[in-house]
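Q: Here it is, the structure, as structure tokens.
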Amino acid sequence: MHRSGLVTAVFLFWACSLFASDIDGHWRLMRHTDDGNTLETFLDLKQHGSRLTGMLLVDWGDLPISDGSIEDNRISFTVPIDPSYAFRFSGEISGSEMRLIQYDPNVGTFPVSAIHMAANEPLSPARLPLPELHAVKDNGLARTPPMGWNSWNFFHDKIDDVTVRQIADTIVATGMRDAGYVYLNIDDTWQGSRDASGRIRPNKKFPDMKSLADYVHSKGLKLGIYSSPGPKTCAGYQGSYGHEEEDAKTFAEWGIDYLKYDWCSAFRVYKDSEMRAVYQKMGDALIHTDRPIVYSLCQYGKEDVWKWGKLVDGNLWRTTGDIRDNASSMFANAESEVDLAPWADVGQWNDPDMLEIGNGGMSADEYRTHMTFWSILAAPLIAGNDLRHMTPETRDILTNPAVIAIDQDPLGKQGHRISKQGEVEIWMRPLAGGAVAIAILNLGTGDASITTRWKDVGIPAVQRVRDLWARRDLPRDSASYSATVKAHGAVLIRLQRQQ
Ligand code: GLA
Numbered sequence: 000m001h002r003s004g005l006v007t008a009v010f011l012f013w014a015c016s017l018f019a020s021d022i023d024g025h026w027r028l029m030r031h032t033d034d035g036n037t038l039e040t041f042l043d044l045k046q047h048g049s050r051l052t053g054m055l056l057v058d059w060g061d062l063p064i065s066d067g068s069i070e071d072n073r074i075s076f077t078v079p080i081d082p083s084y085a086f087r088f089s090g091e092i093s094g095s096e097m098r099l100i101q102y103d104p105n106v107g108t109f110p111v112s113a114i115h116m117a118a119n120e121p122l123s124p125a126r127l128p129l130p131e132l133h134a135v136k137d138n139g140l141a142r143t144p145p146m147g148w149n150s151w152n153f154f155h156d157k158i159d160d161v162t163v164r165q166i167a168d169t170i171v172a173t174g175m176r177d178a179g180y181v182y183l184n185i186d187d188t189w190q191g192s193r194d195a196s197g198r199i200r201p202n203k204k205f206p207d208m209k210s211l212a213d214y215v216h217s218k219g220l221k222l223g224i225y226s227s228p229g230p231k232t233c234a235g236y237q238g239s240y241g242h243e244e245e246d247a248k249t250f251a252e253w254g255i256d257y258l259k260y261d262w263c264s265a266f267r268v269y270k271d272s273e274m275r276a277v278y279q280k281m282g283d284a285l286i287h288t289d290r291p292i293v294y295s296l297c298q299y300g301k302e303d304v305w306k307w308g309k310l311v312d313g314n315l316w317r318t319t320g321d322i323r324d325n326a327s328s329m330f331a332n333a334e335s336e337v338d339l340a341p342w343a344d345v346g347q348w349n350d351p352d353m354l355e356i357g358n359g360g361m362s363a364d365e366y367r368t369h370m371t372f373w374s375i376l377a378a379p380l381i382a383g384n385d386l387r388h389m390t391p392e393t394r395d396i397l398t399n400p401a402v403i404a405i406d407q408d409p410l411g412k413q414g415h416r417i418s419k420q421g422e423v424e425i426w427m428r429p430l431a432g433g434a435v436a437i438a439i440l441n442l443g444t445g446d447a448s449i450t451t452r453w454k455d456v457g458i459p460a461v462q463r464v465r466d467l468w469a470r471r472d473l474p475r476d477s478a479s480y481s482a483t484v485k486a487h488g489a490v491l492i493r494l495q496r497q498q
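In numbering that gives the first Met the number 0, the protein residues as written are 0 to 498.
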């Protein structure tokens, strides 16, 4: 080699060894939970001097990191998830290991460790074949939108057998069961490991699922559970990937009555366009158990699920990402269904996600609007609060019988928006026996004086008009309804046409 070429090569080698970092590449991130699991996610990192970029690869997506920095062996970065939600990490690197502290607003602060992975190590298992699409027999369940309670919105991973039993006692004592809330659904984080034969075992928070189901059933309630078609659930616990038939059988043996099946890590194995076959696999497995199990599809409204949810025996399907306990999230989830009314019917419901009523992030007016919207939408009413410590006001909102009757109307038609003027929207839902429900919603931040003339909403003559939140009848001969609707508030009216 020419002398100047040699100098250049040596220089390049020196420059590369200075800049190529031991940090670059995939890291396996591990967290030990109190319930005995080791949860794994991945980091894909790249160092640029004291700056760090890359992704956190969780079971529900690849999330870009921001504000990443490395100084000496100190590392920190943030993972923004939505405008009101972010993870934060900070800690130290030593060789091919990292020790970090993670902050997750849902869970709190906890230690995680990471090891640098070999470049060729796969992040997910090999893809398994999917069944051919085929016609399915209606499972005959959920003739009206399912009603019940789910652990996720309030408890997240802090849910266990004792708490579910207490919720069962409370749902009866507060009159909620008798108002229609019968499904008690355990969400993510109940799973442990599989035994040698592949059978899923609950973790130590749920010592005996069958006995819990027996207890719940003894109270006149039903028990729901949660899994994923992917290898891992959204919280990183065991999914049903490759174990669909045996998990459905295990759930049936435990006495499970409802399954929420959450896409999550399935995206690392399958394409979105394969979703229908993926969901059909579990739909078939549930039918094979011969136990009536409501099938709840949770894949955030991807691939127009409302067009095929019923064809895989789904009884309800999420139409959006996760709800948060604030008005803009609740409005956005409701509005996602503005064009979806034609797809709802008896046994098949659009699901704008579970209720946040009573979780503290919204005002009573906003929670009444939440319930109004969900009832007009024929949405599943799955409470998500801590029923053991609920105020009378929260209970009254959740159990207003006339509002629930709108949600549960046997005609099974979802309401639709008939007008939008600025922040004021009017939605209408056809009900059995020629009645209609009218929701007058003020999504603005100031009070609004609103007059609604019945003939403008297509009803020339009315026989009975009832304001369901005020719990009073309006004059029979009224041609319109005028009210000051509070900021983010709603009026819900049941109107009987004159035949
Ligand atoms: C997803 C779902 C939520 C909840 C969590 C649990 O985010 O959309 O409703 O089930 O997973 O990890």
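C-beta: ideal position from N, C-alpha, C; glycine also.
Which whole-angstrom value describes the C-beta separation of Y102 and F86, a residue pair presumed to lie in contact below a C-beta threshold of 8 Å?
A: The Cβ separation is near 7 Å, so the contact holds.
Q: Taking the beta strand (DSSP E) that V337 belongs to, which residues open and close that run?
A: That residue, V337, is in no beta strand (DSSP E); it is neither H nor E in DSSP.
Q: Out of Y257, A195, D23, L397, point me to the one whose CA is closest to L285's CA.
A: The candidate whose alpha carbon is nearest that of L285 is Y257.
Q: Express the C-alpha separation of D21 and W316 in angstroms, rounding to a whole number.
A: Cα-Cα distance, rounded: 44 Å.
Q: Could you tell me which residues DSSP pairs with E302 in its beta bridges?
A: Beta-bridge pairing links E302 to no other residue.
Q: Roughly how many whole angstroms lie between the Cα atoms of T108 and A434?
A: One C-alpha to the other measures close to 52 Å.
Q: Suppose the cutoff is 6 Å on Cβ atoms and the five residues either side in sequence are ignored; what does the same chain contact list for F205 look like?
A: Hits under 6 Å: D160, W189.
Q: Using three-state DSSP, classify Q210 as helix, strand or coil.
A: According to the sequence as given, residue 210 is Ser; it is not Gln. Three-state DSSP puts S210 in a helix.
Q: Measuring CA to CA, which of R267, R493, L140 is closest to I458?
A: When each option's Cα is compared against that of I458, the closest is R493.
Q: Can you give me the Cβ contacts of K309 inside the same chain, cut-off strictly under 6 Å, excluding the 5 residues immediately before and after it?
A: Cβ neighbours of K309 beyond the five flanking positions: Q347.
Q: Identify which residue in Y225, Y366, G235 has its Cα closest to the Cα of W59.
A: Here the closest residue by C-alpha is G235.
Q: If you reduce the DSSP assignment to three classes, tell me which class E39 lands in.
A: In the structure shown, E39 sits in a strand (DSSP, three-state: E or B).
Q: Using 10 angstroms around the beta-carbon of L11, count the other beta-carbons present and answer buried if the total reaches 16, otherwise exposed.
A: Unreliable positioning characterises L11 in this predicted model, as indicated by a pLDDT of 48, which lies under 50. A coordinate reading is not provided.
Q: Express the C-alpha separation of V464 and T371 in angstroms, rounding to a whole number.
A: Using only the alpha carbons, I get a separation of about 17 Å.
Q: Between which residues of its own chain and S93 is the CB-CB distance below 8 Å, once the five residues before and five after are set aside?
A: Within the same chain, S93 has close Cβ partners N72.
Q: Span of the alpha helix (DSSP H) holding P104?
A: It is not in any alpha helix (DSSP H) - P104 carries neither H nor E in the DSSP assignment.
Q: Cα-Cα, which of L376, L339, D344, L397 is closest to E355?
A: Nearest option by C-alpha distance: L397.
Q: If you reduce the DSSP assignment to three classes, tell me which class M281 lands in.
A: Helix, per DSSP.
Q: If contacts are defined as beta-carbon pairs under 8 Å, then S264 and G238 qualify, I think. What distance do you get, rounded to the angstrom?
A: Contact flag correct, Cβ pair sits at about 6 Å.
Q: With the cut-off set at 8 Å, would you say H369 and L442 are in Cβ contact?
A: No; because the gap between Cβ atoms is not below 8 Å, this pair is not in contact.
Q: For A178, which residues in the same chain have their Cβ closer than 7 Å to its Cβ, ignoring the five residues on either side in sequence?
A: Cβ within range, chain order: T398, P400, I403.
Q: Go through its chain and collect everything with a Cβ distance to H133's Cβ below 8 Å, but skip five positions before and after it.
A: Excluding residues within five positions, the ones whose Cβ falls inside 8 Å are Q279.
Q: Three or more C-beta pairs closer than 8 Å, one from the region 379-390 and one from the region 143-163: is that the case here?
A: They touch, by the three-pair rule.
Q: I'd like the list of long-range same chain contacts for D289, defined as Cβ closer than 8 Å, with 5 residues on each side in sequence excluded.
A: Taken in chain order, the residues that qualify are A251.
Q: Within this structure, are the beta carbons of P351 and T318 separated by less than 8 Å?
A: Yes, they are a contact pair.
Q: Please look up how many angstroms separate the CB atoms of N184 and G223, rounded, as I've assumed it's under 8 Å.
A: Confirmed, Cβ separation roughly 3 Å.
Q: Under the rule that 16 or more other beta-carbon atoms within 10 Å means buried, what is P201, buried or exposed?
A: The residue in question, P201, is buried, as its Cβ has 16 or more Cβ neighbours within 10 Å.
Q: Using a Cβ-based criterion (distance less than 7 Å to any ligand heavy atom), does A234 qualify as near the ligand GLA?
A: Yes.
Q: Specify, as a first and last residue, the run of the alpha helix (DSSP H) that T371 falls within.
A: From DSSP, the alpha helix (DSSP H) with T371 extends over 363-375.
Q: State the DSSP-derived secondary structure class of E355, mapped to helix, strand or coil.
A: If DSSP states are grouped into helix, strand and coil, E355 belongs with coil.
Q: What is the DSSP secondary structure of P63, reduced to helix, strand or coil?
A: Strand at P63.
Q: Which of the three DSSP states is assigned to F12 in this structure?
A: Note on F12: pLDDT 45, under 50, position unreliable in the model; the coordinate value appears next. In this structure, F12 counts as helix in the three-state DSSP scheme.
Q: Could you check if W307 belongs to the surroundings of the ligand GLA, using beta carbon to heavy atom distance under 7 Å?
A: No; taking the cut-off as 7 Å, the Cβ of W307 has no heavy atom of the ligand GLA nearer than that.
Q: Is DSSP giving A167 helix, strand or coil here?
A: Note: A167 maps to helix in three-state DSSP.
Q: Pick out whichever of K454, L440, P291, M361 has its Cα sitting closest to the Cα of A482.
A: Minimum Cα distance to A482 is reached at L440.
Q: According to DSSP, is F330 helix, strand or coil?
A: The answer is helix: DSSP assigns F330 an H, G or I state.
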